[in-house]
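From first to last, the protein sequence lines are chains A, B, C, D and E. At the far end of the first sequence sits residue 280, using this note's numbering, and the numbering has no gaps. At the far end of the second sequence sits residue 548, using this note's numbering, and the numbering has no gaps. At the far end of the third sequence sits residue 816, using this note's numbering, and the numbering has no gaps. At the far end of the fourth sequence sits residue 1084, using this note's numbering, and the numbering has no gaps. At the far end of the fifth sequence sits residue 1352, using this note's numbering, and the numbering has no gaps. We put the CB at the ideal spot given by N, CA and C, even for glycine.
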Amino acid sequence: NGGGTGGGEMTGAGGACPDTLRFADTGTEGMEELRRDFEEFQSVMAEILEVEFEFFAVSDRTIGAAAVDADQVDILLAGPAEYVAIGSRVDINPVVGIRRPGYNSNIVVLPDSDIEDPDDLHGKDIALKDAGSTSGHIGPLALIEGELGIDPETEVNARLLGDARIEAFIAGDVDAFAAGTSDIRRLDERYGEDSYRMLVEGPDLPSDVIMTSDRISEECNEEILERVLDNEEEVLDALFASDVKYEDSSLHSVTDDEYDVMRDAFRAAGYSLEDLEDEL
Amino acid sequence: MIPLSIHQVKKQYPDGTQAVKGVSFNINPGEGTILLGSNGSGKTTLLRCMNGLETATTGSIYVDDIDVVAAKKRKDHRKIKRVRQQVGMVFQRFELIGNLGVLQNVLFGSLGRIRKPWEMFTSTATKEERDRAMECLDRVGLSDYAGQRARSLSGGQQQRVGIARMLLQEPQIVLADEPIASLDPKSGREVMNLLWEIVRERNLTVVCALHQLAIAQEYGDRLIGMRHGNLVMDSAEKSVSTEELNHLYDDDEEEEEATAAVEAEMTS
Amino acid sequence: MIPLSIHQVKKQYPDGTQAVKGVSFNINPGEGTILLGSNGSGKTTLLRCMNGLETATTGSIYVDDIDVVAAKKRKDHRKIKRVRQQVGMVFQRFELIGNLGVLQNVLFGSLGRIRKPWEMFTSTATKEERDRAMECLDRVGLSDYAGQRARSLSGGQQQRVGIARMLLQEPQIVLADEPIASLDPKSGREVMNLLWEIVRERNLTVVCALHQLAIAQEYGDRLIGMRHGNLVMDSAEKSVSTEELNHLYDDDEEEEEATAAVEAEMTS
Amino acid sequence: MISTPERLKSKQPNRFQMPSISWLIVIAIILGFFARGVYSAEMTPGRIIAGIGNIGEFIAEAVPPDLTRFENYFWAIVETFEMALVGTVAGVILSLPVALLASDNTTPNQVVRLVTRNLVAAVRTIPELVWALIFVIAIGLGPAAGIFTLTIDTIGFCGRFFSERIEEIPPGPVDALRATGSSQFGITLGAIFPVAFPSMVATSLYALEKAIRSAVILGIVGAGGIGVELETAMTMFRYDEALTIIILIWLVVLGSEQFSTIVRRRVI
Amino acid sequence: MISTPERLKSKQPNRFQMPSISWLIVIAIILGFFARGVYSAEMTPGRIIAGIGNIGEFIAEAVPPDLTRFENYFWAIVETFEMALVGTVAGVILSLPVALLASDNTTPNQVVRLVTRNLVAAVRTIPELVWALIFVIAIGLGPAAGIFTLTIDTIGFCGRFFSERIEEIPPGPVDALRATGSSQFGITLGAIFPVAFPSMVATSLYALEKAIRSAVILGIVGAGGIGVELETAMTMFRYDEALTIIILIWLVVLGSEQFSTIVRRRVI
Ligand SMILES: Nc1ncnc2c1ncn2[C@@H]1O[C@H](COP(=O)(O)OP(=O)(O)OP(=O)(O)O)[C@@H](O)[C@H]1O
Ligand SMILES: Nc1ncnc2c1ncn2[C@@H]1O[C@H](COP(=O)(O)OP(=O)(O)OP(=O)(O)O)[C@@H](O)[C@H]1O
Ligand SMILES: [Mg+2]
Ligand SMILES: [Mg+2]
């Protein structure tokens, strides 16, 4: 393997794909579950696609994009914000969407907070996750600007707190917390459902996506989509084994326009991806 | 005014070297004692045992009424400190703090005496202490070098800074390990005069390891000779002729063993 | 077989100390020369200038046909190395690598000679080199200590390891800085005998700084005296009496200035 | 003085000493790990050569640096520097006593030493993130939590390196002060710190640099700073902005190195 | 020998030396930053005391450690150790020549020194993430990229610390080997490395420890390892699992410290 063709002879998936597919999971939402548990996913994919399925669990989207760019990786699993971000610099094609029911961003406050109405958020501290996270950064900022009509850059104090966000919220160090689905789940598990009050519930976010590098042929993409959908149950079980967040998910064929809302969100959050595309 | 009494001291280094093999003697106040012996005969080791820098393996060393060996073994730091405050030492290899100033190095001599820790530094020592240190430096002829860094002095000059440091300590007992080895003949005599002057003046006890036989004979009130870790000569027991002195350095194994045996009998 | 010629050498240290103030002399092969002078008179500095460990501020020092001072200033490492290979040095403070073995320290003497770098270590040196090193150790009486760590030797023993190291180098010129200061009288004489023996045997040039006047007079083919960085006495120019020798250490400023002036005239 | 090789040969240390069984086992295990590590990397020269071409493109993207947000970055780095300075200074001060307790030659006893060492190791092992969380929980978001985290970090680092340096201090000067009957405090201030000082300065300034570089932690505790900016630039693929930030940090790092060099020059 | 205070007083160094204007300015600026940093922290004792109670809860969650996934963790740490070992060993080996080029007393010339130092500083400044990126671009995802990143990391760290230690080596032994006409290589192997060795061992083992602790980078490039496990446990608030991992890492750290101590004992 290494830099070069994209994987050797075309013997995979009934002759449509290279005999080796190099797959990376970019840690769709930080690192959600133990990487080791992706082994099942790896073997399922290898089996249904009839390829050598080389697998890397990568915990950083920058690295994932660079690896595709440098022809070190053929196929990638990422979240919606990452798909858009990576797509802005590298030529990739979306293949399979993984819809996660209830995957959205919310804004919550402490139960006894005097913030009663979204308008009260003016001038308040809001805890976010880390830069580029779908449900913990881009999603909420879009929510604040789009739904609430508040300028996230000037009218609220958005703080990227990374791993300290939940502790900081519970300790009352911030006024509100932009919590993704999994953050809500964590709040429930750790502090109980009474520990927060839902202020704004955001719309569902686009699907996670399995995408391929531009070097993978159209036929191969089609073959992958077909075979994965045919074995939906198996693939979903394997994904669920890797991460509970894939509970109750479903698979579907995905197109690029599904992510236009994400692009708007980036723009709303103050990151114009066109700049990047222009530069490239 | 403090007597020094050494009884059956042995010292074995961790690597097994028997550096001192059972040495006993008493030294009375005011008695300028000179320790002779060939290289490696155990002089430095014996001196270091006397103020507890090394722990003698067996035996006892009484300074005043404290047994240094026992105190070391019991880790009785208070007692050891008390002994050391009364015992000044000049080191064979000077052991200055090279990157500090000369006056600062001399001032360290009073470390055992001062009670207020900040008084240890050149810039914060009391006026009296600084003046005293300057006087000590002057006594060894180095007052011109007070502000220089110790490392930049010549070998002999460093040796003399070490002596000044000991002088500032104003000890009751002086252990000097080849204090004049690196000194020129005139300075060497001046330092010996100085040492013996304070011995007489304050009735101190001095043990001085030396290799210069002429100086030893001229100054020594008492000469003690070591060979291979044994005490083989003591002018307090039997006066020593120049010939015998020269004999001390002959490397004659059998004879030495014999002498050691006799000596062991004598002191036991 | 190599002559040594020093012309108007001055050395000022970065801190402004004028350690050598313009010294000139020539030494012929086979001439055992002894350098005298009080502490701080510049002996060590002058010796260190001769093999380029210090760069003389002005003047020239010819070893064979290479000017060390010029080579140092031009950073001509090849020439300096060539000089150093022919010049062996014994240091006042021994300068052993304390945590290495004694034999290893001696073996370092051949560093300038060996061409294959791995031959520098005790365990990988050639058999001949090891045997030679053992012989050198034996010549200074330390063959029993070959396997010990240098740090654990007594002062005088370390001094002798330094001498053995120089012996292994088999130099054409020997610079010895107080090589017998820490040695007992018998070893001191043995070392002096050894040095003079190789001087005669191989017709070497030796410059040896010393403080022992008796030894200086006994061994020195030529005596050179320094005071305050000036050459004030040279037995090649005018024979030296014992009285004059003792006079060398008198600290009489005016007189010294006068002598220096005369001296300057003489050598210029 | 003619060598008798047979006699010497028996004294010559062996070329190789067979390491003990336990050492052999340890070495074998480590080699095993190493081999498996190399194997896992699947490094082939071809792979490496093929890859190098790819890098150019990446670099082209970062150059020239984007200076539009320079002012923001500049103030962010000033802010970071301030917090890092406070955290590091506090950490260095706390590390001094910790290092003294943890060092072989200054600890009051071996139990204290062991406990301190293991605690320092534990402090290092607990990830920064955990410390940050602890401080956020305890005192809330903000610079204070960040500063405390950096302080703890510094203790883990400096505590170990100070201690290791202290253990390397040559025993001579320490003995010299000990011999004056000084308290441990006096010895520490007089002979331990001055000797270890250059190294401690370097270590401390490295700790400061480390704090600035790892200032992401300040972002996590809501104190802002340059770390967040860099991370954001990287995740958003703004390599040219990232380069600007890296250059800024590099300047700070160089400044701290320069400062280190100047301070050390004055004291080494 | 009666002191004349007036004469001495003029030679006594001043208590304080006024630092130069530029130093005063530098100090003032640094103090300013420090003050602003302290001010920004808004630390009040009340805040700190109030917070301490909160921590108990957090700790209670982590204790007792959850051992259910112990086996996974154990293999993850073995894997991490292997990769860290390879990366660190390579880094240490490369750091040796780098450090020699970067050190005042071993560099061939000042330009080389400056360039090397600044390069090493740059290597450190460029974040791990960027290095990982570069290696992923060049050779693809997987352990190799992680190992290279760790190697680079080690060079940034060891390059600096080795160099700083080399600059602290006392010049004596180095001069002694230089005087034999040895090549720079011989001097390095004979007098630089043996003296710096204990410190280098400690630094290298710290680098290994650092590599294991910061092994998150291995996760970033898809090589797995313990770093990912720890981060996952933390993000998932599984503090009891995190504690298990931390304890495992701690054991490795202690092991490496123990190893360091043993090796150093044998050579210091
Ligand atoms: N590195 C240095 N920096 C500054 N001054 C120095 C340095 N080395 C020596 N000196 C000074 O230069 C003068 C000559 O020193 P040198 O070591 O040459 O004397 P010496 O004749 O060898 O004395 P000794 O007999 O005591 O060894 C002394 O005054 C000394 O203080
Ligand atoms: N730290 C040590 N470890 C092991 N052996 C040592 C140590 N110090 C000294 N020795 C050995 O002990 C013996 C006596 O050494 P000591 O230093 O007491 O001799 P000395 O009489 O002072 O000699 P010198 O006149 O050369 O200074 C020597 O054989 C020496 O090698
Ligand atoms: Mg001795
Ligand atoms: Mg000298």
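- [ ] Give me whichever residues DSSP pairs with T581/C in a beta bridge.
- [x] Beta-bridge pairing links T581/C to V755/C and R770/C.
- [ ] Mind checking which residues open and close the beta strand (DSSP E) that includes K786/C?
- [x] Unbroken run through K786/C: none, as it is neither H nor E.
Task: As assigned by DSSP and simplified to three states, the class of P987/D - done: DSSP places P987/D in helix when its eight states are reduced to three.
Task: Residues that Q560/C bridges to, as DSSP identifies them - done: Paired residues: Q566/C.
- [ ] Would you verify that the beta carbon of D563/C is, or is not, closer than 8 Å to some beta carbon of chain B?
- [x] With 8 Å as the cut-off, D563/C counts as an interface residue toward chain B.
Open item on the list: Please report the straight-line C-alpha distance between D1053/E and L1198/E, rounded to a whole angstrom.
Closed with: Coverage of chain E is limited to positions 1085 through 1352, which leaves residue 1053/E absent and any answer about it impossible.
Task: Nearest-angstrom Cα separation, counted from P1282/E out to V1347/E - done: V1347/E and P1282/E have their alpha carbons spaced roughly 8 Å apart.
Open item on the list: Using a 10 Å radius around the Cβ and a threshold of 16 neighbouring Cβ atoms, would you call D119/A buried or exposed?
Closed with: Exposed is the call here.
Task: 8 Å Cβ cutoff, T338/B in contact with chain E - done: Not an interface residue.
TODO: Could you check which residue in I711/C, Q720/C and L716/C has the C-alpha nearest to that of N741/C?
DONE: Comparing Cα-Cα distances from N741/C to each of I711/C, Q720/C and L716/C, the minimum goes to I711/C.
TODO: Check the DSSP bridge columns for D125/A and list the partner residues they point to.
DONE: Its beta-bridge partners are N157/A.
TODO: Just tell me which of G997/D, V905/D and V936/D has its CA closest to the CA of F1118/E.
DONE: Checked all of G997/D, V905/D and V936/D; the closest Cα to F1118/E is V905/D.
- [ ] Decide if E33/A is buried, meaning its Cβ has at least 16 other Cβ atoms within 10 Å, or exposed.
- [x] Only weak support exists for where E33/A lies, its pLDDT of 48 falling under 50; the coordinates are left without a value.
Task: Cross-chain neighbours of F1117/E in chain D, by beta carbon under 7 Å - done: Near F1117/E (Cβ distances below 7 Å), the residues of chain D are F897, E898 and L901.
Open item on the list: Classify W891/D: buried if its beta carbon has 16 or more other beta carbons within 10 angstroms, exposed otherwise.
Closed with: Classification for W891/D: exposed.
Task: the region 444 to 457 of chain B in contact with the region 745 to 754 of chain C per 3-pair CB rule at 8 Å - done: Touching, no.
Open item on the list: Considering only their Cβ atoms, is the gap separating I1028/D from F886/D smaller than 8 Å?
Closed with: The answer is no: Cβ separation not under 8 Å.
Open item on the list: On the CB-based measure, 16 or more other CB atoms within 10 Å of its CB, does A937/D come out buried or exposed?
Closed with: Buried.
TODO: Compare the C-beta of G1308/E with all C-beta atoms of chain A and state if any pair is closer than 8 Å.
DONE: Yes, its Cβ sits closer than 8 Å to a Cβ of chain A.
TODO: Determine, using beta-carbon pairs with one atom in the region 422 to 431 of chain B and one in the region 364 to 383 of chain B, whether at least three such pairs fall under 8 Å.
DONE: Three or more Cβ pairs closer than 8 Å define a contact, and the region 422 to 431 of chain B meets that threshold against the region 364 to 383 of chain B.
TODO: Would you kindly work out how many angstroms separate the C-alpha atoms of D531/B and K518/B, rounded to a whole number?
DONE: Annotation: D531/B to K518/B spans about 22 Å, alpha carbon to alpha carbon.
Open item on the list: Can you find the residues in the same chain that come closer than 7 Å, C-beta to C-beta, to D615/C, ignoring five residues on each side of it along the sequence?
Closed with: Correct list, in chain order: S608 and I609.
Task: Per-residue contacts from I63/A into chain E (C-beta, under 7 Å) - done: Result: A1216, L1217, V1220, I1304 and V1305.
- [ ] For Q437/B, collect the residues of the same chain with a Cβ closer than 7 Å to its Cβ; drop the 5 residues on either side in sequence, then sort them by chain order.
- [x] Here the set comprises L422 and Y425.
Open item on the list: Nearer than 7 Å: is that true of the beta carbon of T337/B relative to any heavy atom of ligand 2?
Closed with: Result no, Cβ not under 7 Å from ligand 2.
Task: Within chain C, the residues that L824/D reaches when beta carbons sit closer than 9 Å - done: Chain C residues near L824/D: D679, M682, E683, L685, D686, S691 and A694.
Open item on the list: Taking 7 Å as the cut-off, is the C-beta of D457/B nearer than that to any heavy atom in ligand 3?
Closed with: Yes, since a heavy atom of ligand 3 falls inside the 7 Å radius drawn around the Cβ of D457/B.
Open item on the list: Measuring CB atoms only, is the region 404 to 416 of chain B touching the region 385 to 392 of chain B, in the sense that at least three cross pairs come out at less than 8 Å?
Closed with: Contact between the region 404 to 416 of chain B and the region 385 to 392 of chain B is present: three or more C-beta pairs spanning the two stretches fall below 8 Å.
Open item on the list: Short of 8 Å Cβ to Cβ, which residues in the region 625 to 655 of chain C face chain B?
Closed with: Per Cβ criterion, the list reads Q640 and R641.
Open item on the list: So for T1353/E, helix, strand or coil by DSSP?
Closed with: Look at the range of chain E in this structure, 1085 to 1352, and you will see that residue 1353/E is not part of it.
- [ ] Return the bridge partner residues of V343/B from the DSSP annotation.
- [x] Beta-bridge pairing by DSSP links V343/B to L284/B and I346/B.
TODO: With a 10 Å radius around its C-beta and 16 neighbouring C-beta atoms as the bar for buried, classify S1104/E as buried or exposed.
DONE: Taking all protein chains shown into account, S1104/E has fewer than 16 neighbouring C-beta atoms within 10 Å of its C-beta and is therefore exposed.
Task: Alpha-carbon to alpha-carbon, T565/C and L1075/D - done: The amino acid at residue 1075/D is misidentified as Leu; the sequence shows Phe. Their Cα atoms are separated by approximately 28 Å.
TODO: Compute the minimum distance between the beta carbon of S1015/D and the heavy atoms of ligand 4, and state whether it is under 7 Å.
DONE: False, no ligand heavy atom lies under 7 Å from that Cβ.
Task: Nearest candidate by alpha-carbon position, reference G1274/E, set D782/C, G636/C and G646/C - done: Among D782/C, G636/C and G646/C, the Cα nearest to that of G1274/E belongs to G646/C.
Open item on the list: Please tell me whether, using a cut-off of 7 Å, the distance from the CB of G777/C to the nearest non-hydrogen atom of ligand 4 is below it.
Closed with: Shortest gap from the CB of G777/C to any heavy atom of ligand 4: 7 Å or more.
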